[in-house]
Each structure stands twice: as structure tokens, then as C-alpha cells.
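Chemist: The following block contains the structure, expressed as C-alpha cells.
There are 2 protein chains.
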Amino acid sequence: MNNDTIKIMVIDDQAVVRQGFVALINTVSDMAVVAEGTNGWQAIDLYRLHRPDVTLMDLRMPELGGVEAITAIRKEFPDARLIVLTTYDGDEDIYRSLQAGAQGYLLKDMFFEELEEAIRKVHGGSRRIPTQVAERLAERMGSSDLTGRETEVLEQIVAGHSNKTIAARLNISEATVKSHINSILSKLGVSDRTQAATTALQRGLVHLR
Amino acid sequence: MNNDTIKIMVIDDQAVVRQGFVALINTVSDMAVVAEGTNGWQAIDLYRLHRPDVTLMDLRMPELGGVEAITAIRKEFPDARLIVLTTYDGDEDIYRSLQAGAQGYLLKDMFFEELEEAIRKVHGGSRRIPTQVAERLAERMGSSDLTGRETEVLEQIVAGHSNKTIAARLNISEATVKSHINSILSKLGVSDRTQAATTALQRGLVHLR
DNA sequence: CCAACCCTCTCCCAAAAGGGAGAGGGAGTA
DNA sequence: TACTCCCTCTCCCTTTTGGGAGAGGGTTGG
């Protein structure tokens, strides 16, 4: 491995998928996988240890998710180059990833050739957001954010709790819960809690477990 | 490629993941990928054309899903050997896949070595269901099936429709809808429609989109 | 300091959902 | 045939949810 070789770290909890990525990357003469991990904590540890030039990161992982790992790595290493490589999980995930400091966001239904190009782009210091992804991101703009409390209430709704239970769990009155739900419904543009739950899941505002 | 080579078909809509599988399989001396596809229709066409010894099939795909493709292929070729290779999507998916005629069900978070072993097992005529998966399947047993109509109503619930709207869409009275929902709630062991929606999604009884 | 949020709450009302008991008709099976 | 499901429906009742108007206290930022 000479000095021009791009050192790559691959973080994905699906072993056989990760092994596939590694195999593909290692077929490229000037790229080499120097570290592999299955969750966010490993990503942080392995980054410190190997200082890869580019990191490929999945989002949904046990223990510590991709967004949190990206945030932590960028905090310690502001120059870190990170590409999110994931199944499309909704506009919110894209937004949060870029917010956290990722330079690229690729979908797993793209071809390896695009991934290879993205790695070179990001390694060279530019960003790489495919049109398809950029469009999703644009959709999100304009759609208003939920406040912190509203997000908590939304999570409780998705967890299947009644207003009364939510009130008890959050230590507020049921009236306040209803007030938050009112805001949530209008911000999400839906008319009942079940729709709120399914659209929140689709948009990636919350995830099942 | 000599006569002992195991001919494999890979069906997965995520291009880079599929390419990874192909790369891994082709590193094994007595295995060769003879066809690749991105959905159920292609799976059926390519099966007719190439008659692979073993097919690796993802479940969630556009156009035609994995379960339907397995059913169609097994109908035309009762000897077809099929392994489902997917992200875990709930016990219902496992059940339906095996019901449709798959001989194996592997999760993408397993290592390639296990996949290789599974391919050999299934090619040799046996089945291969990892303990982890078998346990999930066992969980499903005992939990009663939903009837056809109940499943339709459940889909409408997940789609976010009110009882009134569901009644209109299914051309039955609202009372009947409520009656079905009663059965659904008790069969799923939940107490309201939002819980029904989220547990149905978790168990893979229905999918978003 | 004032405006803009956010979070909290009250009171009231209407609509929707959930729960229980019962019943008729149709299809399939023992 | 008799039995068992499934699908359909009615009637009645309670609980939950959603919608509207308003208001006080807190923080933040211009």
C-alpha cells in the first residue's frame, strides 16, 4: 500500500453486506479497507486507531447509530471525511446526517461505480449528494420542524401509548399532551395519531426500536 | 466452469449490495454467479433462462416481491432451490417465505461463511434455517392468523384511514369494520389501532408502501 | 426591553374509537 | 347433516381523541 492509496473504514452492522463492500473496494487498486465495524462505538474507536481517509457509514445500527457516531467523530476530528451509505429511510435521516457533518449520502441501490466516484470526490475534499437524494432533502425544507417536546410525544404515539399514558410518562397533564398532539398533527399535515405514526416512520422522524 | 460448479442467481434491488454478494460468491472456487436481477419478475425470467442451482432472494423489492417470485418459480420448477437473504423484517416474512417454498432463510447480519455453508446445504437438498431465525418462527406459532378480511382492514389502518373511510373503501358498514378491528386488536394482543399499526409493521404483517 | 417561541395548562364540545352481546347467511368440512 | 369459520350486520354504551380558544410563565435573541 503506497502513499496514494485511499484508506477506507467500513461501518455496517450487516456482516455479509459489509464483507461485500470490503471485497468490492479491495478490487480497486488505489483503495484499501483498513478497518471494519458494526456500530457507532466501534466507528469512533476505530477512527482514532486507524485515521482512515474516508469512512463509509450505515445509519441504523445497534448500540450507537450512524448520526451520533458522525457527530462524535467530527467533533474530535473536524477534517474527517464521512459518507453515509444506507437504505433510504426518509428525508429526516438525510438532513440529520448532513447536519452531523457527512460529506456524502449514498443509497444502497446505487452501483459500486457511483460509490467509488463518491469516495474519490469526498477524499478530494468535495461533497457528493446524488440528485435523487438532494430532491428528498429539498422536500423536507419548508416542512416545519417539530420541537423537542413534540418529538418526545410523537415517539410515545409510535410506541402505542394513549394520551393518558403519555401524560403520566412525561409528567405533564393530559391536556398538554393533547396540545402537543395538535401541533404535531398540523405540522405533519395529518388528521389522526395513526397517520402521524406511519408518516413519522416513513419520514424517518422516529424508528421502530 | 466445470460440472461441479454451483450455479447461483442473485436477486436484490440494492445494486451495490448485490454486487458485493456477487464478488464474494465468485471468490469461492466451486461457485459462480450466472444471473443477477433486481425484482421478482426478473427473478422468474432469469430462472427460466439460466436454471441456477441455488437462488439468493431478497424479500422487499419493487414491482414483484420475493415471496411472490418464490411461489411462481416453485410452481413452474418444483425442484428449485431458493434461499431468502434479507434484513430481518418480522416473523411473518419468515413464515411466508418458507410457506412459499424457500429452503433457507438467512439474515444479512450473518457472515459470508454461513451463507456459503447454507448454499452448499441447500444445493445438497437439505434445509438451512439458523437457530436465530427458527426462534422467531416459533414465536409466530400460537399467535393466531388474521383472516383475509382482517388483513385488509389492518392494511387500511396502517394506511391511516378512519373506520368510516375503511367502510367506504371496502364497501361494508362501519359496524363491520369495528367488528373486524375488534378481532384484530385481540389477535394482535393490543388495545388500539395505533398499536395495531406499529406491531403489524414490526411483525411484517404489512409494510409501508 | 420586547418579541417570538416553547411548554404548560383550563374549559368545552363533537367526533371517533373501543367494548360487549347477539344474530343471520354462506362456505367448507367432518 | 351438523359443525365450524368467516363475513356481515344491529344496538347500546363508555372512553378516547381531535379541535378551538385562550392564557400564564419561561427562555432566547434582536
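From first to last, the protein sequence lines stand for chains D and Y.
Per numbering that gives the first Met the number 0, residue 0 is the first one in the first sequence, and the count goes up by one each step.
Per numbering that gives the first Met the number 0, residue 0 is the first one in the second sequence, and the count goes up by one each step.
Glycine is no exception: its CB is placed at the ideal position from the N, C-alpha and C atoms.
From a predicted model like this one, the values you see are computed outputs, not experimental measurements.
Where does the unbroken beta strand (DSSP E) through E35 (chain D) begin, and where does it stop?
Modeler: Counting from 1 along the first sequence, the entry for residue 35 (chain D) is found at position 36. Where E35 (chain D) is concerned, the enclosing beta strand (DSSP E) stretches over 30–36.
Chemist: So which residues of chain Y does V157 (chain D) contact, with C-beta pairs closer than 7 Å?
Modeler: By one-based count along the first sequence, residue 157 (chain D) stands at place 158. Per Cβ cutoff of 7 Å: T197.
Chemist: Which one of Y:D29, Y:S28, Y:I43 has the shortest CA to CA distance from E35 (chain Y)?
Modeler: Along the second sequence, one-based indexing puts residue 35 (chain Y) at 36. The shortest C-alpha separation from E35 (chain Y) is found at Y:I43.
Chemist: Considering Cα atoms alone, identify which of Y:V9, Y:R135, Y:M56, Y:G19 is closest to V33 (chain Y).
Modeler: In the second sequence, the residue the question calls residue 33 (chain Y) occupies position 34. Answer by Cα proximity: Y:V9.
Chemist: Ignore the nearest five residues each way along the sequence and tell me which others in G203 (chain D)'s own chain have a CB closer than 6 Å to its CB.
Modeler: Position 204 of the first sequence holds residue 203 (chain D). If we look at G203 (chain D) and ignore the five residues flanking it on each side, its Cβ neighbours are D88, G89, E91, D92.
Chemist: For chain Y, is any of its Cβ atoms less than 7 Å away from the one on R202 (chain D)?
Modeler: Translated into positions along the first sequence, residue 202 (chain D) becomes position 203. Not closer than 7 Å to any Cβ of chain Y, the Cβ of R202 (chain D) fails to qualify, so no.
Chemist: Can a CB atom of chain D be found closer than 7 Å to the CB of Q41 (chain Y)?
Modeler: In the second sequence, counting from the first residue as 1, residue 41 (chain Y) sits at position 42. No - not a single Cβ of chain D is within 7 Å of the one on Q41 (chain Y).
Chemist: Measure the Cβ-Cβ separation of T54 (chain D) and L81 (chain D) and say whether it is below 7 Å.
Modeler: As a working note, residue 54 (chain D) is residue 55 in the first sequence. As a working note, residue 81 (chain D) is residue 82 in the first sequence. Their beta carbons are under 7 Å apart, which means T54 (chain D) touches L81 (chain D) by this criterion.
Chemist: Would you mind telling me which residues of chain Y sit closer than 9 Å to Q13 (chain D), beta carbon to beta carbon, in chain order?
Modeler: Taking the first residue of the first sequence as 1, we reach residue 13 (chain D) at position 14. Residues of chain Y passing the Cβ test: V16, T86, L106, K107, D108, M109.
Chemist: Would you list, in sequence order, the uninterrupted alpha helix (DSSP H) runs of no fewer than 4 residues that lie entirely inside the region 122–192 of chain Y?
Modeler: Runs of the alpha helix (DSSP H) inside the region 122–192 of chain Y: 130–139, 147–157, 162–169, 173–187.
Chemist: For chain Y, find out if any of its Cβ atoms is closer than 7 Å to the Cβ of Q194 (chain D); answer yes or no.
Modeler: As a position in the first sequence, residue 194 (chain D) is number 195, starting the count at 1. With 7 Å as the cut-off, Q194 (chain D) counts as an interface residue toward chain Y.
Chemist: Going by DSSP in three states, T198 (chain Y) sits in which element: helix, strand or coil?
Modeler: On the second sequence, position 199 is the one that residue 198 (chain Y) refers to. Reduced to three states, the DSSP call for T198 (chain Y) is helix.
Chemist: Please list the partners that D191 (chain Y) has in chain D, where partner means a Cβ-to-Cβ separation under 8 Å.
Modeler: As a first step, residue 191 (chain Y) must be located in the second sequence, where it is residue number 192. Result: G159, S161.
Chemist: Can you name the residues of chain Y whose CB is closer than 8 Å to the CB of L114 (chain D)?
Modeler: Mapped onto the first sequence, residue 114 (chain D) falls at position 115. Within 8 Å Cβ-Cβ: V15.
Chemist: For F20 (chain Y), go through chain D and note every residue whose CB falls closer than 8 Å to its CB, in chain order.
Modeler: Taking the second sequence and counting its residues from 1, the one referred to as residue 20 (chain Y) is at position 21. Going along chain D in sequence order, the residues near F20 (chain Y) (Cβ under 8 Å) are V15, G19.
Chemist: Sorted by chain position, which residues of the same chain lie with C-beta nearer than 7 Å to K163 (chain Y)'s C-beta, five sequence neighbours on each side aside?
Modeler: Translated into the one-based positions of the second sequence, residue 163 (chain Y) becomes position 164. Around K163 (chain Y): E173.
Chemist: For Y104 (chain Y), list the residues DSSP reports as bridge partners.
Modeler: The residue you call residue 104 (chain Y) lines up with position 105 of the second sequence. Its beta-bridge partners are Y:V83.
Chemist: Going by C-alpha distance, which of D:V152, D:A137, D:K186, D:V16 is nearest N170 (chain D)?
Modeler: Position 171 of the first sequence holds residue 170 (chain D). Minimum Cα distance to N170 (chain D) is reached at D:V152.
Chemist: Between the Cα of I72 (chain Y) and the Cα atoms of Y:R95, Y:L45, Y:D191, Y:D57, which residue gives the shortest distance?
Modeler: Residue 72 (chain Y) sits at position 73 when you count from the first residue of the second sequence. Cα-wise, what sits closest to I72 (chain Y) is Y:L45.
Chemist: Can you list, in chain order, the residues of its chain whose CB lies under 7 Å from that of V21 (chain Y), leaving out five sequence neighbours each side?
Modeler: Counting from 1 along the second sequence, the entry for residue 21 (chain Y) is found at position 22. Cβ neighbours of V21 (chain Y) beyond the five flanking positions: V9, V32, E35.
Chemist: Taking only beta-carbon positions, decide if L207 (chain Y) is within less than 7 Å of chain D.
Modeler: The sequence position of residue 207 (chain Y) within the second sequence is 208, counting from 1. Closer than 7 Å: yes.
Chemist: Does the Cβ of K107 (chain D) have 16 or more other Cβ atoms within 10 Å, making it buried, or fewer, making it exposed?
Modeler: Counting from one through the first sequence, the residue named residue 107 (chain D) turns up at place 108. Classification of K107 (chain D): buried, given that the 10 Å Cβ count is 16 or more.
Chemist: Ordered along the chain, which non-local residues of its own chain (more than five positions away) have a Cβ less than 8 Å from that of T150 (chain Y)?
Modeler: Numbered from its first residue, the second sequence carries residue 150 (chain Y) at position 151. The residues are L204, V205.
Chemist: What residue does the beta strand (DSSP E) around A55 (chain Y) start on, and which one ends it?
Modeler: Numbered from its first residue, the second sequence carries residue 55 (chain Y) at position 56. Reading the sequence as shown, one finds Leu at residue 55 (chain Y) and not Ala. Counting along the chain, the beta strand (DSSP E) containing L55 (chain Y) begins and ends at 53–56.
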